[in-house]
Amino acid sequence: MIQAVLFDLDDTLYPEASFYRSGFSVVADVLAEREVGDRDTILEVLETIHFRESREGVFNKAAKRLGFPEEWVSELVWLFHSHTPQIELPPVTMHVLGELCRHYRLGIVTDGHAAVQRRKIESLGLWGRVDCIVITDDLGRKYWKPDPTPFVSCCRSLRVKPHEAVFVGDHPERDIFGAKRAGLTAIRIRRPDGFFRDREDLPHAKPWRTITDLMELPRLLEDESPISMEGENGRETVAHDISLV
Numbered sequence: 000m001i002q003a004v005l006f007d008l009d010d011t012l013y014p015e016a017s018f019y020r021s022g023f024s025v026v027a028d029v030l031a032e033r034e035v036g037d038r039d040t041i042l043e044v045l046e047t048i049h050f051r052e053s054r055e056g057v058f059n060k061a062a063k064r065l066g067f068p069e070e071w072v073s074e075l076v077w078l079f080h081s082h083t084p085q086i087e088l089p090p091v092t093m094h095v096l097g098e099l100c101r102h103y104r105l106g107i108v109t110d111g112h113a114a115v116q117r118r119k120i121e122s123l124g125l126w127g128r129v130d131c132i133v134i135t136d137d138l139g140r141k142y143w144k145p146d147p148t149p150f151v152s153c154c155r156s157l158r159v160k161p162h163e164a165v166f167v168g169d170h171p172e173r174d175i176f177g178a179k180r181a182g183l184t185a186i187r188i189r190r191p192d193g194f195f196r197d198r199e200d201l202p203h204a205k206p207w208r209t210i211t212d213l214m215e216l217p218r219l220l221e222d223e224s225p226i227s228m229e230g231e232n233g234r235e236t237v238a239h240d241i242s243l244v
């Protein structure tokens, strides 16, 4: 019987694009103050590079296009990662978490640099909405997803066994494969605006179900039992000590 629902954070509980737009806005303000150009033009260049071209080396590419010194890049990267994000939890997410918390224990397992993820969680107001949050970076870089350790750690904190939990995430390897390795039932969310929405499922790590909106989740868990679908789910579990005493 499912007793807990665990979630990825970025592009699962909120659109990650809003975090990047928040950071680029701060960087654009600084570059405009240094007379690199018009703020809106700078912001457009940053967003075009990130959202339409590549998420790698955004500020290096912007330096070439906007003509500012590459020596500024490390400072801009620091500014981006250290800013307080202006992001909000979507109403749908608040509704779903509120509904699920009446029936299940709730948790979050998120990758990313710990300080950055904490600021996101704070801005989204998630500390009081779930029972457990595991930031994989707190465990060590080698324990980032898809390592099963953070999933098991969250289950342990919630006092449930992995097979009593489902995990909802957007990334086919980090989230779906990682959760299945740990023994959880995996549900993939493919948000229309998600960065990894078009990435194919891994042949050896198919999700139990796929949704496009969190609003589908409560009814899915109510109408269908992941445990009854265990054969279809085909979980490939790794043995872990999860003593609850």
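Counting in numbering that gives the first Met the number 0, the final residue of the sequence shown is number 244, and the numbers go up one at a time with none missing. Cβ atoms here follow ideal geometry from the backbone N, Cα and C, with glycine treated the same way.
Checklist entry - Is PRO14 near ASP192, with beta carbons less than 7 Å apart? => result Residue numbering aside, residue 14 sits at position 15 when the sequence shown is read from its first letter. Residue numbering aside, residue 192 sits at position 193 when the sequence shown is read from its first letter. When the beta-carbon positions are compared, PRO14 and ASP192 come within less than 7 Å of each other.
Checklist entry - Under a three-way DSSP split, which group does ILE186 fall into? => result To locate residue 186, count along the sequence shown from 1; it is residue 187. Three-state result, ILE186: strand.
Checklist entry - Count the other CB atoms within 10 Å of the CB of SER73; is the residue buried (16 or more) or exposed (fewer)? => result Position 74 of the sequence shown holds residue 73. Exposed: under 16 other Cβ atoms inside 10 Å.
Next on the checklist: To the nearest angstrom, how far is the alpha carbon of ILE1 from that of GLU163?
Outcome noted: Translated into positions along the sequence shown, residue 1 becomes position 2. Translated into positions along the sequence shown, residue 163 becomes position 164. Each residue's alpha carbon lies about 5 Å from the other.
Checklist entry - My guess is that LYS119 and LEU45 are in contact by the Cβ rule of under 8 Å, so how many angstroms apart are they, rounded? => result Taking the first residue of the sequence shown as 1, we reach residue 119 at position 120. Taking the first residue of the sequence shown as 1, we reach residue 45 at position 46. The C-beta distance from LYS119 to LEU45 rounds to 19 Å, too long to meet the 8 Å contact threshold.
Checklist entry - Taking the C-alpha atoms as reference points, what is the distance between ALA31 and LEU42? => result One-based indexing of the sequence shown puts residue 31 at position 32. One-based indexing of the sequence shown puts residue 42 at position 43. CA-CA distance, ALA31 to LEU42, rounds to 10 Å.
Checklist entry - Counting Cβ pairs closer than 8 Å, one from the stretch 94–106 and one from the stretch 140–148, do we hit at least three? => result No, they do not touch.
Item to check | Alpha-carbon spacing of ASP28 relative to PRO84, whole angstroms | outcome: Sequence index remark: in the sequence shown, residue 28 carries index 29 (1-based). Sequence index remark: in the sequence shown, residue 84 carries index 85 (1-based). Roughly 14 Å between the two C-alpha positions.
Checklist entry - Just the Cα atoms here: how many angstroms apart are VAL4 and GLU172? => result Indexing the sequence shown from 1 puts residue 4 at position 5. Indexing the sequence shown from 1 puts residue 172 at position 173. Using only the alpha carbons, I get a separation of about 19 Å.
Checklist entry - Going by DSSP, what residues sit across from ALA3 in a beta bridge? => result For this step, residue 3 is matched to residue 4 along the sequence shown. Note: ALA3 sits in a beta bridge opposite ARG104, ALA164.
Next on the checklist: Alpha carbons only, please: which of ILE188, ALA16, GLY139, ALA178 is nearest the one belonging to LYS160?
Outcome noted: Stepping through the sequence shown from its first residue, residue 160 is reached at position 161. Distances from the alpha-carbon of LYS160 to those of ILE188, ALA16, GLY139, ALA178 put ALA178 closest.
Checklist entry - Taking DSSP as the reference, what is the three-state secondary structure of ASP10? => result As a position in the sequence shown, residue 10 is number 11, starting the count at 1. Three-state DSSP puts ASP10 in coil, outside helix and strand.
Checklist entry - Out of curiosity, what's the CA-to-CA distance linking ALA16 and PHE50? => result What you label residue 16 is simply residue 17 of the sequence shown in a count that begins at 1. What you label residue 50 is simply residue 51 of the sequence shown in a count that begins at 1. ALA16 and PHE50 have their C-alpha atoms roughly 8 Å apart.
Checklist entry - Once you ignore the five residues that flank ALA62 on each side, which residues in its own chain have a CB closer than 8 Å to its CB? => result Mapped onto the sequence shown, residue 62 falls at position 63. The beta carbon of ALA62 is closer than 8 Å to those of PRO68, GLU69, TRP71, VAL72 in its chain, skipping five residues each way along the sequence.
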